[in-house]
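For reference, the structure discussed in these notes is given below.
In mature numbering (1 follows the signal peptide of the UniProt record, and there is no 0), the protein residues as written are -23 to -1, 1 to 425.
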């Protein structure tokens, strides 16, 4: 192997010199990708299995904000191992259960946190219904106010029409009363004249009757006086009846005017009382609207507070669920189990390493590439690996890491080619076909 490594080193040096020559001779053109050949030793990839830090959440007091997991102390035990599912040497796949921690308290915490969240959510639903009810009441108030305003306008319009009609009627009655009063005055004047005429007719009759019977004109004069007196009495009777009728009419008209005027006053009073009641109703609506606004404001504040509490409760549920999930520890990668340090009943701590998983399907290989060659190596480059234990067999792999710092190769990796040459560490992942490769095997690597 040493002879082979020296030969490989000489070949690599020649290749490097060729690259330098062609780079200088061909400036302005793309550099040619060439293979780099070197050697190294295969290594296992060990993955420590630790107690999940989330288990510390199990003992956390409800309602308190969780501290970052990275700062939690590992001195406080977080659980007792319930069951270990693997034994040393077992092969596990990614996601397989490795061990479980007693989850009794974690389940209780999750149930409690979920109940708290559900209670807040139910309260929020109830308050949402209350808000809808308040909105409905506010809409009812708006409709009532609109109806009240409409009725007020209608009442004012109706009252104005009826009041005007009543005033017109009173004016008509007063006009008739004035006419009757004037007629009554004339009738009374006429009656006075007729009364005087009656007196004159009485005197004429008395004078005619006082004539001697021998007077041939006496009968005629008596008859004429009686006729005149009868005419006057008849006219007097007519005037007296007319005066009586007109007096009755006048009294009725005066009474009607009084009743109509009183009716107008009462109607106006009732109208004003109705307006006052409408104003009271409007004031009650305004008062109710104010109370509703205050209620909505209080309800909104309560809802916002509950929403914040719900968010906190949701965090509590998530934390409790994380803690419960952490009671089942699964493999993060595939490989063989080694170094188990726990058993059923063991007390564990956050971050405590309890076993390891050694990846056997792929191995890693650290190689050192001269600084002047590393520019041609990048992540993802294919590699071929050969070992003495499997002569003639080539194992495939790829570059998974190129160091960013140049240094001298470790003493155990120094060859004539690498001695006193600055190198860069390159990590290669190799597929362990059929399980032939083992940790510690020296290997020759060709990077393409």
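Note that beta-carbon positions come from the ideal geometry of N, C-alpha and C, so glycine has one too.
N-terminal and C-terminal residue of the beta strand (DSSP E) that residue i is part of
i: residue 332; result: 330 to 347
i: residue 322; result: Residue 322 -> no beta strand (DSSP E), and no H or E assigned at all.
i: residue 191; result: No beta strand (DSSP E) holds residue 191; DSSP gives it neither H nor E.
i: residue 317; result: Careful: residue 317 lies outside any beta strand (DSSP E) and carries neither H nor E.
i: residue 363; result: 359 to 364
i: residue 67; result: Here residue 67 belongs to no beta strand (DSSP E), and DSSP marks it neither H nor E.
i: residue 419; result: 419 to 424
Simplified DSSP assignment, three categories, for residue i
i: residue 311; result: coil
i: residue 7; result: Low confidence applies to residue 7: its pLDDT is 40, below 50, so where it sits in the model is not reliable enough to give any reading.
i: residue 241; result: helix
i: residue 414; result: coil
i: residue 12; result: coil
i: residue 39; result: Any reading at residue 39 needs caution, since the residue's pLDDT is 43, under 50, leaving its predicted position unreliable; the model's value is listed next. It is coil, neither helix nor strand.
i: residue 227; result: helix
i: residue 24; result: strand
i: residue 77; result: strand
i: residue 288; result: helix
i: residue 350; result: coil
i: residue 369; result: coil
i: residue 217; result: helix
i: residue 406; result: strand
i: residue 235; result: helix
i: residue 386; result: coil
i: residue 55; result: coil
Beta carbon of residue i nearer than 8 Å to that of residue j
i: residue 61; j: residue 334; result: no
i: residue 97; j: residue 278; result: no
i: residue 86; j: residue 297; result: yes
i: residue 348; j: residue 362; result: no
i: residue 378; j: residue 344; result: no
i: residue 482; j: residue 400; result: No statement about residue 482 is possible, as the shown extent of the chain runs from -23 to 425 and does not include it.
i: residue 371; j: residue 354; result: no
i: residue 18; j: residue 420; result: yes
i: residue 121; j: residue 262; result: yes
i: residue 300; j: residue 35; result: yes
i: residue 255; j: residue 129; result: yes
i: residue 90; j: residue 294; result: yes
i: residue 167; j: residue 241; result: no
i: residue 336; j: residue 311; result: yes
Buried versus exposed, by CB contacts within 10 Å (16 or more), residue i
i: residue 65; result: exposed
i: residue 207; result: exposed
i: residue 144; result: exposed
i: residue 93; result: buried
i: residue 16; result: buried
i: residue 358; result: buried
i: residue 290; result: buried
i: residue 282; result: exposed
i: residue 81; result: exposed
i: residue -2; result: With a pLDDT of 36 at residue -2, under the threshold of 50, the modelled position of that residue is not reliable, and no figure is offered here.
i: residue 408; result: exposed
i: residue 350; result: buried
i: residue 164; result: buried
i: residue 189; result: exposed
i: residue 264; result: exposed
Same chain, Cβ closer than 8 Å to residue i, five either side skipped, listed in chain order
i: residue 72; result: 307 and 308
i: residue 67; result: 313 and 314
i: residue 111; result: 269, 272, 273 and 276
i: residue 266; result: 115 and 118
i: residue 75; result: 26, 61, 62, 63, 69, 306, 307, 308, 314 and 332
Neighbourhood of residue i by C-beta, 7 Å cutoff - its chain only, sequence neighbours within 5 removed
i: residue 245; result: 140
i: residue 161; result: 220, 223, 224 and 227
i: residue 402; result: 343, 345 and 380
i: residue 234; result: 147, 150, 151 and 154
i: residue 178; result: 202, 205, 206 and 209
Cβ shell of residue i (< 6 Å), same chain only, five flanking positions each side left out
i: residue 440; result: Coverage of the chain is limited to positions -23 through 425, which leaves residue 440 absent and any answer about it impossible.
i: residue 25; result: 330 and 333
i: residue 414; result: 19 and 340
i: residue 172; result: none
i: residue 186; result: 199
Unbroken alpha helix (DSSP H) run spanning residue i, endpoints
i: residue 152; result: 81 to 187
Closer than 7 Å: residue i CB and nearest the ligand GTP heavy atom
i: residue 30; result: Looking at this structure, you won't find the ligand GTP or any other ligand, since it has none at all.
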